Each structure stands twice: as C-alpha cells, then as structure tokens.
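Structure record follows, encoded as structure tokens.
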Amino acid sequence: MLSRNLKSVRGIHKSSSVLKSNQTVTKLENGLTVATIEDNKPVSQLVLAFKAGSRFENSNQAGLTHTIRNFVGRDTQQYFGSSIVWTSAAIGAVLKSFTTRDVFGVALTLPRDQISAGLSILGQAAAVPGFKPWEVEDVYPTMRADNAFRTQFDFVIDGIHKAAYRNSGLANTIFSPCSKIGSISSDALTQFANKHFVSGNAVIFATNAKHEDVELYGKNYSPIRNGSAVTAPKNTYKILRETEIVGADSLNGRRLFNSIDTFFSYGLLTADGTYWRCIRCFLPRVEQKMLVAECGNANDRFLSIGWLKTSFNKGTLHFMLLALNNPSNKAYLARFYHINACIRNSGLLEAITQYIEQLQPVQFAFYSTRQLRPEPAPAAVIDTASVQISSRAAARQRKLTEKEASSDTVPNILPKEIPSMLIDQDVLLDEIVRNRHNRLSTEMYEAQATNEDYVLAEPQTNSNNVEKLEDVMSKKMSCANMESMDTDGLEKILASVELEQEGQSTNNDLADGEYQMSQGDVLHFAIYVFEKSSEKIIESFKIIEGFYSDARKLRYFVMTNHNLYIFKYRVHSENPTQGKSTNISSNGFFIPLIRIPHDRVKSIKISIDNLAFMLEANELGFLHYVQNVEQDDQTCFSYSGSIASLESGAHMINSLINVVECSSRSLVTQTEIDDHIGYMCTLQPSIEKQLGRAVDVRAASLCFWYEQSCEDQKQGASEMSGYLFKTNVSNWMKSTNEAEQKFCLISGSSFLVFNDSSCTEECLSIDIPSSSLVTSGRVTFQLKGAQGNYAFECSSQEEFAKWKDSLASVIEKKDDQRFIAPCLAVVTESSIALVQEGEKFWTDGFIRLLNDLDAKQLKKVIIVPPKKKNSVSALRSPALCLVSEDGTLHYFFVRFEKELHRLAGVIQNTFDVVCETLDDDQVLELPDLEKNIQNTCCSVKDLWPN
C-alpha cells in the first residue's frame, strides 16, 4: 500500500492539459491553496505538496529531501507508521511520496467514498512526520536501493541541471549521494520540516472530489502548521567562470612564480639557476625542440624560466613534480643537485606537489619575455629576503655618514610601467639574476669574515596562525649558501656524493621483512595518523595477515614509542579520485587499520621458531579505523600476524618486546611474554592426536605446499630451446624491422628471448597462457599478447612442429588449477607433518592435517634458490623440493632465502638425506627431473603477497 514515485521527475516537463471548466482554486486565510477537479469518477486522487524540493537544501544538506521522501509511511507526531499504512490499506488506498527540485509531496489514490478518511491520512503522513532517530536509520537501506536502481536518464537530468544551475539550488539532485547517506540527523530533518511544511508553502489538490469538502478540511481539520511561504534562493542561470586567470601583473602570481623558480634553482651544483639541464631529461624530444624554438637563441637560464612559464600556463607543472617524486627518477636529481637541495628532500617535494595540485583550477598567463609587444611586460624577478646589516658593515656606515645604518631594505620589485628600451628582455633578465647572485655572495662573505651568523629578519607573524608554505620555503632557501662552485672540482664533488650515497645504501640494507618508510610517509603519519606530536617511528615490518585463508593480505606493522600501528597499502588507480588521501606518496597511500597503544597490550604470544605472533588486549581493547575514522568501541581484543621466517621473526619479536617494555607511556601492568611455550603446549598435543602417535617436534616453517605426480612431471619437463629469427609485427601484420636471430626458451609458462645461448641478457619475456598462437607460414608462428605481436621463424618444418606443439601444450594447460596449500611444515623425528591452523587456533587449538611425509620415503632434497637477475631463473620462485622413492615431488615455497636454507639444513640433519642445489648456469643441460622442477618453479608466481 506504500510506494515512492522515483520516476516522478520524468513527467514534470510534460505539457499540461487545457484547464477544464470544473476546476476550482481557492486560497484560504491561513495561506493554504486548495485546488480540485470534479469529473464524477469513482476513483479519487489526493495530493498534498509543499515547496520543499531539493533546491531548498543547503550545501551541507545533500540528500535531505531524499530522506524525507523515503520516511513517508513511518511514525508521525501523533500516530505510529503501522497505523497509517494499515488504515490506508483498509480503505483501499495507495500512498505514494515524490520529490522534485521544487516540490515535495504525498499522493493518495483511493475510492471516492473514502475521501474524508484519506484526507486525514494524507495530512498526518505528509505534514507532521515524527523523524525519530531509530526510524531515520531504517530509511538508509531504501535510499541505497534507490541509488542502485537509478537509470541513465536520471544521471543525464542531474548533469543538465548541474551545468545550467551550477551555483544555485536547482543544481541539487533529488537523490542522496552514497557518501552522504546517514549524515543527516533527525534534528536537521525536524528543522527543515518546521520551516517548509507550513500552510503558506502547501497546496492540496484533489480530483473527483467535492471542493467544499477539501476546503473544509483545510480550514478546520488540517494538521498543517500556519506559516508564510518560503522563497527559494535566487537562481543563477549564467555559467560563472570556473578558473581565475593569474598573470605576471598579479602580486601573488609573481610571488608564486619566484618561489617555484627558487625551489628549482636552490642546490644546483652549477649554482647558476639553470635547472633546464635537469628538467629536459624528463621532457620528450619534440617538446624540448619546441621550447628552444619558442625561446630563440637563449641561454640555459632563460630556457629554465621559459619552461617554468610554459608549465604554469599549460598546467603541466603538477605532472612534472609527480615524475620527480618517482623513486626511479630521483637518480637523475643526484647528477644536478646537492644532497641538501630542497628538491632532493622527499617530504618537501611531496608537499610542493600537493600544493601545486590544489592550483589546478587556476589558469596562469605568464607571457614570454621574448614576445614583441608595444609595452614589454615585467620580467619574472626573484624577490630577495630582507637581511640584517652586519656589525662590520654598520660600523663602516657610521664612519662614512656619521649616521646609523637603516634597517629598512629596498624591495627588489620592478615598477609597474617599464619604459621601452632597445635592450632585449632576456639580457635584462640575465643581468638582474647576475646582480642578485653577486649581492648575495658579497653579503655572505662579509658575514663569514666577521664570524657572525647570517641571520634573516623574519617577518612578524601571529603565533596562533599556521605558518604558510611559502614562508617556510623562503626561510629554508634564504639561509642556504648560494656560493658558486669551481667548475674544475665539479667532477670530484659528484664522485664524492656518489660514493657517499653508495656507502649509505650498503650500510642501510634492510633485513628480510623489514620496511623503511619514506620521508613523505613519515611526515604524513605525524600530521594525520599519529596520536601524539612526540611520536616517532622506531621500526617497520611487512607481515602476513590471514596466512591460512584465501584472503591473505600484506600488512605494514609500524612500531612507535607510543603505539603499534597496522597499515595497508593501496596503489593509486589510473584515474584517482580527488579528495583527502591518507598519504602524499605518488605511487600509493597507506591506510590505517588498527592502533595498539602500548599500555593496552596484555600479552605477546609467539609461535614456534618465531613464525607468527598474537597480541592480546586488556579490557580496553585495541582501536580500529572505519573509513579513516578511529573507533574505540571495544570490539577488537586481539591481532595475529605471520612473519614466515625464523631470523626475521626473531628480529621483529625482539624489537616488539623492547618497544613495548621501553614505551614512552606509563605502563600500569607489565606485559606478559609467552615465548612459544604456550603455543607448543597447544600445537604438539593436536599433532599427536591427528597422527595417532607421540612426536618430537624439531622445527617448523610456514610455506606453500604442492604435490606433483609422475604424470604431471612428464608434462612439466617439456621444454624447447634454440635459435629463432624474431621480427616485430605491427597491427597491419607487416614486419616493422629486419629479422634478428635470438635464442628462445620456453621456461614454465614464459617464452623467453635472449641475445645468445648464455641466457644472461634477456630481451623479451612473453606470458604464454595470456597470448594467442597464430601460424603465419610454413615455418613461421606468431605470438600475440599484452607484450606485443612477434613473429618467429624456424630453420626447418620439423623444428617448427616441435615449437608449435610445446606452445600449444602450455596454452592448453592454462586452465589447470594446481592445489597449492598454505600450511605449517612441522619436522618431527620421523616425518614431516603438513598442517593448517584453524581461525581460532590460539584459543581452541584446532588444526587440520593435510599430509604426513614419511622420512624413509625421501630420496633427496633439491634446493631451488631464489630468482637472480639476468638469468633464466629470473622468473623462478624459491622452493625446496623433496623427491620421494616413488617419484612424487613435494614443493615447499618459502618466503625468504635464509628460511629456505634453514629448512633444508634441518631436513638434511634430521633425516640424513642428500641435499643438492639447482645449478643456474647449466639450466639448458639439466636432466628431465631438474628441468621439470625448474619449469614448475618458474610457472608458480605471486604466492606471497607483496
């Protein structure tokens, strides 16, 4: 009996019918308008509408009318919602609500003889809603359903209104944005209803009803409050300018230009402001030539100013800063900038990038100084900060003039009107920069000669206000030593910097599982995430969450002197949405999940061989985040993760214990440390129960286990290699260059191309399952995939048939699903038990036994080392392969190389079996068993989350 007319907006622009002769309109004394049409038909329509559409919503009330529309049929101020619905059903009525951008209304369709009861229901449902908080919450699912069933027509209508009335209420949509659902409180709904649901704003319309009856109801029985009409805000039908044009005639524009120019100039090894030599490394060759042609016969300094002007005007400066933020591109900066340059400070560079991104709506118009005009425009001038005159200079001033030296300085600003001169503007610009450089060098030399600090006169600012970015930059850059460097010693300086960086890189090598946050990440955590201003990051680790489940995730475990944090990392999409981000990194951003204060950690439980851990909370629980908002609702009382390595786990566990015990917080009770004793008391009885015998646990390791039968080994050993003629093929199936003889190899599911049979210089790697095989000749086949289209020509038809069959077999096996299970490999005195822990193992001790490998059946152990660069094994996953007497192979894919050798050593010492290592240098000459192991490890990828 209750429905909402979501399509009502479609009919609002339909042509109205011609007014009939039996139509009556009356405006009552209280302001209520009553309109009726009498056609003497058995079914009547009653509508109570208010001028309260979405155009009356404020900027922070998006979705308010949508909430009111879906609230119709629930509790009113006098009756329960069930009474309204059941009464309307009893009289055979259908109740509907609708909204447009101008009107909110409720319609009732009912038999003609029930009009009196229908008017009462209509007034209660539309004019006096209750808006109880718990009732409003029940409306949210229906609002989400409305958004889910929106049609393309609805989106088009919203877009047209936003384009035509972007600065007025008519641009508001009648649907609530998904992000705003639940943000409107019951108090806001009540205030809106009290303001707009009044008699001066209302109209009662009825068809097939007596006008006198409806008029009598409006005068004496209507629950509508008396009030005057509410006028809609003035509509702006003209499209306003979206961007603000800023040029060299704007003071703020000149300051911004000068600040960015100083940012790029500061710290250059040449000390001449010619950052064009660095920037052109990131520009396409065509764009370089266009800029050189535009600037004419100019020096590198003018090209630097010209590029900065062009990047501002075209809006490409933000993309250049994003490129400079890329870690792979920062190697170029070391060739041109000193290690203490601002542009090599990751935190400052990322902050500048964020601020430039906010200037995207601004249109810049910095005209070129080479452009001929009747009145030349002012050239870009770098403002110098005011400095204090040194004591030596002040004494000299008193001796010459017998007056105190003035502390005021003359600002270096060109007059508004520059007289026409015959001197070219680039010459004038070079002279200005040269004079400024000489002046700075002279003043700094005098300050150093008197052994006095070069102090800047900082402008007086209000301590309550936040210091602006340009002020920080001016202080940082003005304090810098801008002395020119000797060109003869430039190579020595570069060599010393490179050696220093190499030494730092070798000394700062991270251990397995350890992670070092970038300066930008640390800066953002300190501003937006960390609880206290004195909080500092001590160590960070990569851990695995939910190892035994299908939804295992990589998490970042960050330890500070006050809290423990769990973050997840999300890579930026191709079209990132504009909005508040949790990080200013260019590749992605960290999202906080859990915050664990040190004083809330009740106990730290450690598994066997430091492979996993669990943090247990006290009665206060841990804090968690919901959409970047911290929640302290006492619903999170434990957290567990896996490190999957003995050495890395010991490093992390020791750091964790030290951080908690030496916390900056005042710990009321001492944290309990359960060093795998409690874990073993749970694990060993469970394993003995599953195996049905007593066991002596020697070691354990977290790994992915895969069992390969003899039949699968025959298919995996099929490998082709040899020299083929490779040709690049365009979309028109024509060769783009001459054929080159390359050594080709099928390894696992990859088609590898090398320069020669040494397989040290890889030219191309094609994923065979995702590619298509096409025969284009008697001895030629093509591989089409994401890497491109390539044609390969064989020397004979027999060789062509072998290559074709090998490639076809790999493509046919792409749908084969290997059963690779995450498990805990427990080495006992006589076997290797493969078990999986339950979701609540730390409390109930439940495990699942997958297999029990008898040590007597083991023939030998083969170590498959991790991938190495410039070799066939570059795509190989590190694993330990156990060869049994019946020919079955058992693969154990571990996380780190040290864990691989530890597990192999434990198995070799416990069971006294032969241990071999797969030879990388003789991959092409391996026997069938080792060749099958090589191909299997190459085909298994991305087991461990990274």
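Counted from 1, the sequence shown has number 125 at position 125 by full-length UniProt numbering; the numbering is strictly sequential. Think of the CB as a built atom: it goes at the ideal place given N, C-alpha and C, for glycine as much as any other residue. Being a predicted model, the structure only gives us computed values, none of them experimental.
DSSP places residue 723 inside the beta strand (DSSP E), whose first and last residues are 721-728.
In this chain, the alpha helix (DSSP H) harbouring residue 334 covers 330-336. For residue 852, the enclosing beta strand (DSSP E) stretches over residues 847-854. For residue 567, the enclosing beta strand (DSSP E) has its first and last residue at 563-571. Around the beta carbon of residue 818, a 10 Å sphere encloses fewer than 16 other beta carbons of the protein chains shown; the residue is thus reported as exposed. Here the alpha carbon of residue 845 sits roughly 25 Å from the alpha carbon of residue 600.
As the crow flies, the alpha-carbon of residue 546 is around 25 Å from that of residue 828.
The alpha-carbon of residue 250 is positioned some 26 Å away from that of residue 279. Per DSSP, the unbroken beta strand (DSSP E) holding residue 740 starts and ends at 740-747. Excluding the 5 residues flanking it on each side, residue 572 has same chain C-beta neighbours closer than 6 Å at 588, in chain order. Burial state of residue 296 is exposed, judged by a 10 Å Cβ sphere holding fewer than 16 other Cβ atoms. Rounded to whole angstroms, the separation of the alpha carbons of residue 791 and residue 175 is 55 Å.
Of the other Cβ atoms in all chains shown, fewer than 16 fall within 10 Å of the Cβ of residue 42; this residue is therefore exposed. Residue 543 places its beta carbon less than 8 Å from that of residue 641.
DSSP, read as helix, strand or coil, puts residue 676 in coil. Going by C-alpha positions, residue 137 is about 53 Å away from residue 891.
Under the three-state reduction of DSSP, residue 132 is assigned to coil, being neither helix nor strand. DSSP lists 246 as the beta-bridge partner residues of residue 364. Taking one beta carbon from each stretch, the stretch 786-800 and the stretch 754-774 have 3 or more pairs nearer than 8 Å; the two touch. Around residue 664, the same chain offers 561, 562 as residues with beta carbons nearer than 6 Å, after the five sequence neighbours per side are excluded.
Per the C-alpha coordinates, the member of 932, 276, 836 positioned closest to residue 883 is 932.
As the crow flies, the alpha-carbon of residue 803 is around 23 Å from that of residue 710. The Cβ atoms of residue 559 and residue 620 lie no closer than 8 Å to each other. Looking at the DSSP output, residue 892 shares a beta bridge with 705, 880. As a beta-bridge residue in DSSP terms, residue 614 pairs with 605, 640. The C-beta distance from residue 605 to residue 679 rounds to 7 Å, short enough to fall under 8 Å. For the pair residue 347 and residue 593, the CB atoms are not nearer than the 8 Å cut-off. Beta-bridge annotation (DSSP): residue 49 is paired with 105, 203. A distance below 7 Å between beta-carbons, with the five flanking residues on each side excluded, links residue 184 to the following residues of its chain, in chain order: 61, 63, 64, 67.
Annotation for residue 31: 199, 200 place their beta carbon closer than 6 Å to its own, counting only its chain and skipping 5 residues before and after. Following the DSSP letters along the chain, one finds residue 838 in no alpha helix (DSSP H), marked with neither H nor E.
With contacts defined as CB atoms closer than 8 Å, residue 855 and residue 911 qualify as a contacting pair.
Under a 10 Å Cβ-count criterion, residue 55 is classified as buried, with 16 or more other Cβ atoms of the shown protein chains found around its own Cβ. Pairwise C-beta distances place the stretch 154-162 out of contact with the stretch 84-91, as fewer than three of them are shorter than 8 Å. With contact defined as three or more Cβ pairs closer than 8 Å, the stretch 337-345 and the stretch 250-270 are in contact. Under the DSSP assignment, residue 355 falls in the alpha helix (DSSP H) whose first and last residues are 346-357.
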